[in-house]
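Under full-length UniProt numbering, the residues of the sequence shown are numbered 1 to 98, in order.
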Amino acid sequence: MPETPTIEAEATTEENASEFVTGSAARVAVLERLVEGPAAPDEIAAERSVSAASAKDAAAELRERELVELLVTDDERVYGLTAKGERTLFFLETEGKV
């Protein structure tokens, strides 16, 4: 039977994820935008003053860390925030890092 993560373990995970996120302004921009709802990298770029390439790369990096998920539509790749991403952004805001 797998162990249930403790509050301390979850905080450590969020702290590690937050360090990764704050290492790039584009990653921060993507997370902050996705809290408003799913979006494509081009849309994120237009709304958050980052290049489309940076938004696309940041979204892919965040997806590798399971902070965002890919929601494919017929026309484009759209990303959404995961629960882990929401917790990480909340941690960053609580700690005054964004």
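In this text, a Cβ means the ideal position worked out from N, Cα and C, and glycines have one as well.
Below 8 angstroms, how does it come out for the segment 82 to 90 and the segment 46 to 60: are there three or more Cβ pairs, yes or no?
Taking 8 angstroms as the limit for Cβ pairs, the verdict is that the segment 46 to 60 does not touch the segment 82 to 90.
Can the beta-carbon of Val-28 be found less than 7 angstroms from the beta-carbon of Val-78?
As a first step, residue 28 is located in the sequence shown; it is residue number 28 there, counting from the start. As a first step, residue 78 is located in the sequence shown; it is residue number 78 there, counting from the start. It is not a contact, given that the beta carbons lie outside the stated cut-off.
At which residues does the beta strand (DSSP E) containing Leu-71 begin and terminate?
Counted from its first residue, the sequence shown places residue 71 at position 71. That run of the beta strand (DSSP E) goes 68 to 72.
Based on Cα-Cα distance, which residue from Ser-24, Ala-26, Leu-31 and Arg-65 lies nearest to Glu-93?
Locating residue 93 in the sequence shown gives position 93, where the first residue counts as 1. Checking every option, the nearest Cα to that of Glu-93 belongs to Leu-31.
Enumerate in chain order the residues of its own chain whose CB-to-CB distance from Leu-71 is below 7 angstroms, with the five nearest sequence positions on each side excluded.
Sequence index remark: in the sequence shown, residue 71 carries index 71 (1-based). Within the same chain, Leu-71 has close Cβ partners Pro-38, Val-78, Tyr-79 and Gly-80.
Using the three-state DSSP reduction, which class does Glu-10 fall into: helix, strand or coil?
As a first step, residue 10 is located in the sequence shown; it is residue number 10 there, counting from the start. Low per-residue confidence applies at Glu-10: pLDDT is 49, beneath 50, and the placement is therefore not dependable enough to give any value.
State the DSSP-derived secondary structure class of Ala-53, mapped to helix, strand or coil.
What you label residue 53 is simply residue 53 of the sequence shown in a count that begins at 1. Here Ala-53 sits in helix by DSSP.
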